[in-house]
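Residue numbers (the working numbering), protein chains in the order written: chain A, 1 to 268; chain B, 1 to 268.
Here a beta-carbon is modelled for each residue, glycine too, at the ideal position from N, C-alpha and C.
To start, the structure itself, in structure tokens.
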């Protein structure tokens with residue numbers, strides 16, 4: 001078997017395969033739940049033991065639930081900007097108020113559409129504020145926000161799993177995003193710990209010795225995208241996916257490395 | 001194990017896992033090469049037999065090479081628009097001429113940056129025209145264009161594999177793209193055959209019976225993104241990846257279903 005002469009051998013050389021496995025039977029998560037314990041139990045039920053090159057991809061929704069990021073719209077008073085954008089988009093003014101509080105700028109507002117730059121830097125619909133998939137006992141007008149600091153959520157779970165299982169795995173907190181130019185949502189990484197979220201390949205030559213034109217690979221987003229296929233969207237019973245086969249070596253990069261500074265954006 | 005009550009059960013219920021495996025030892029592809037035969041031989045060397053739910057992800061570069069999509073810049077005379085954009089971007093005017101001939105519009109031109117709408121609808125850097133990774137015996141000024149019709153390339157390979165192996169697999173022709181708002185490239189689907197490239201989930205309820213807010217999932221792009229991790233970028237020896245575990249049922253959708261019509265783009 002031929003292997004590339006230089007770098008980026010992120011798979012084991014014998015098989016070079018990458019597997020994404022759903023963790024089954026996780027319960028509905030509630031505020032303060034011990035996610036590492038639930039993951040540990042699910043792994044044991046599936047007779048899986050964590051290995052140090054594993055990555056766990058966790059749906060943002062369960063992280064937010066555990067962190068208590070739920071707001072009842074009944075407690076929200078929309079301001080004038082929220083009322084204006086609600087009229088334009090056809091959305092609930094209280095929901096728009098929550099979205100604005102989570103955002104630093106409105107990127108696009110149109111009927112049914114409200115795309116913002118989240119205070120964490122993500123350009124996304126509705127600042128990630130979601131009304132679907134809440135537990136049956138949640139208030140009818142409850143909404144869920146993104147975790148306050150998804151990188152910290154990922155690091156915290158990584159630490160807990162290390163403590164419980166004795167293995168340092170990578171962790172990605174993931175959500176599905178729409179995209180400019182292309183239809184359909186794709187999962188991306190909101191937070192990451194213990195892996196190279198963005199791999200910088202500057203200076204690596206191609207097979208001919210030329211400098212590579214592509215210099216950065218969105219590793220954590222690619223891993224999240226594949227995990228999104230395993231999670232599905234409605235299937236809240238599959239909020240955690242185990243990725244096996246990645247090489248986590250290299251300088252750790254958090255998910256915020258994937259955010260392109262506004263001033264650098266080439267497509268605008 | 002709990003399974004979602006409704007739809008999108010795209011994985012087998014026992015394990016729900018999705019595996020991406022590199023096909024190793026493929027030779028350098030040349031014009032007219034029999035890709036199906038090379039894939040068949042590689043599968044046999046790895047003791048893999050195709051199954052009907054498999055998807056093969058093929059790097060655009062080898063498809064273009066096989067289809068003879070190479071141009072020697074020595075034969076290209078840049079026009080005035082190409083010369084103007086070459087001065088602005090710092091690129092070879094002959095390269096810019098080829099890019100313009102492949103494009104229907106320039107989206108962004110700046111130093112080192114030329115983003116266009118390819119005549120096939122892709123918004124991408126340099127219309128996918130690539131100078132790297134060509135064979136050692138290619139002309140120094142040779143460049144490679146995208147396949148003329150990547151959907152047809154995918155369908156053709158699917159047919160050839162069906163004829164040779166007796167199994168109808170899905171095929172994706174993939175290339176790496178930069179993206180607005182986020183750093184790092186991600187592989188996307190340029191062409192697809194035999195799968196649901198864009199899954200429309202409108203009308204599927206969530207667990208609480210609400211209509212899903214997210215209605216379309218970019219399945220082929222997610223599969224391509226994961227395959228991109230296995231391919232790497234410099235590793236031309238891994239231009240084909242086998243994805244196993246997807247459900248290909250549902251109405252077939254080509255990769256062009258993933259293109260958002262310019263008039264619909266919500267982020268602009």
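Proximal residues to residue i (C-beta, below 7 Å), its chain only, five neighbours per side dropped
i	result
residue 200 of chain A	215, 216
residue 99 of chain A	114, 116, 126, 127, 129
residue 90 of chain B	111, 112
residue 197 of chain B	189, 219, 220, 253, 254, 255, 257, 258
residue 64 of chain B	144, 145, 146, 147
Distance between residue j and residue i (C-alpha atoms, nearest Å)
i	j	result
residue 116 of chain A	residue 155 of chain A	26 Å
residue 182 of chain B	residue 260 of chain B	18 Å
residue 102 of chain B	residue 255 of chain B	19 Å
residue 263 of chain A	residue 112 of chain B	15 Å
residue 269 of chain A	residue 45 of chain B	Summary: the structure shown does not reach residue 269 of chain A, with chain A confined to residues 1 through 268, and so no result is reported for it.
residue 23 of chain B	residue 82 of chain A	53 Å
residue 56 of chain A	residue 88 of chain B	44 Å
residue 76 of chain B	residue 94 of chain B	6 Å
residue 60 of chain A	residue 27 of chain A	15 Å
residue 257 of chain A	residue 37 of chain B	41 Å
residue 80 of chain B	residue 218 of chain A	36 Å
residue 227 of chain B	residue 195 of chain B	16 Å
residue 16 of chain A	residue 202 of chain A	23 Å
residue 92 of chain A	residue 54 of chain A	41 Å
residue 47 of chain A	residue 160 of chain A	20 Å
residue 118 of chain A	residue 41 of chain A	34 Å
Cβ-heavy atom distance, residue i to the ligand SAH, below 7 Å
i	result
residue 240 of chain B	As for the ligand SAH, it is missing from this structure, which has no ligand bound.
Close-in-space but distant-in-sequence residues of the same chain around residue i (CB under 6 Å, 5 per side omitted)
i	result
residue 21 of chain B	242
residue 18 of chain B	245
residue 225 of chain B	186, 187
residue 122 of chain B	none
residue 62 of chain B	29, 239
residue 31 of chain B	68
residue 191 of chain B	150, 151, 153, 154, 173, 255
residue 158 of chain A	171, 193, 194
residue 184 of chain A	none
residue 96 of chain A	82, 85, 86
residue 50 of chain B	165, 167, 169
Nearest candidate by alpha-carbon position, reference residue i, set the options
i	options	result
residue 147 of chain A	A:120, A:42, A:194, A:240	A:120
residue 165 of chain A	A:43, A:76, A:32	A:43
residue 265 of chain B	A:178, A:27, A:218	A:178
residue 58 of chain A	A:230, A:258, A:257, A:252	A:230
residue 39 of chain B	B:228, B:162, B:80, B:180	B:162
residue 253 of chain B	B:228, B:232, B:221, B:267	B:221
residue 267 of chain A	B:50, B:107, B:158, B:141	B:107
residue 169 of chain B	B:248, B:176, B:47, B:73	B:248
residue 124 of chain B	B:142, B:141, B:105	B:105
residue 140 of chain B	B:54, B:25, B:74, B:250	B:74
residue 251 of chain A	A:193, A:158, A:223	A:193
Extent of the continuous alpha helix (DSSP H) run through residue i
i	result
residue 55 of chain B	Premise fails: residue 55 of chain B lies in the beta strand (DSSP E), 55 to 59, not in any alpha helix (DSSP H).
residue 221 of chain A	219 to 231
residue 145 of chain B	Looking at the DSSP string, residue 145 of chain B is not in any alpha helix (DSSP H), and its letter there is neither H nor E.
residue 87 of chain A	80 to 89
Partners in chain B for residue i, counting only beta-carbon separations shorter than 8 Å
i	result
residue 107 of chain A	267
residue 198 of chain A	183, 184
residue 216 of chain A	183, 184, 185
Chain B contact residues for residue i, given Cβ-Cβ distances below 9 Å
i	result
residue 221 of chain A	179, 182, 184, 186, 225
First through last residue of the beta strand (DSSP E) which encompasses residue i
i	result
residue 29 of chain B	No beta strand (DSSP E) contains residue 29 of chain B, which DSSP labels as neither H nor E.
residue 18 of chain A	17 to 22
residue 108 of chain B	103 to 110
residue 73 of chain B	Element bounds for residue 73 of chain B: n/a, residue is neither H nor E.
residue 242 of chain B	240 to 244
residue 189 of chain A	186 to 193
residue 114 of chain B	113 to 118
residue 175 of chain A	170 to 177
residue 36 of chain B	Taken as a continuous stretch (DSSP letters only), residue 36 of chain B belongs to no beta strand (DSSP E), being part of the alpha helix (DSSP H) at 35 to 45.
residue 125 of chain A	123 to 125
Neighbour list for residue i in chain A, Cβ cutoff strictly below 7 Å
i	result
residue 258 of chain B	182, 183, 184
Partners in chain A for residue i, counting only beta-carbon separations shorter than 8 Å
i	result
residue 16 of chain B	21, 22, 24, 230, 238
Contact set between residue i and chain B, taken where Cβ atoms lie within less than 7 Å
i	result
residue 123 of chain A	181
Contact set for residue i: own chain, Cβ-Cβ below 8 Å, skip 5 residues either direction
i	result
residue 66 of chain A	29, 30, 31, 32, 33, 35
residue 109 of chain A	85, 88, 89, 115
residue 52 of chain B	167, 168, 169, 248
CB contact below 8 Å: residue i versus chain E
i	result
residue 120 of chain B	Included in the structure are the protein chains A and B, with no chain E among them.
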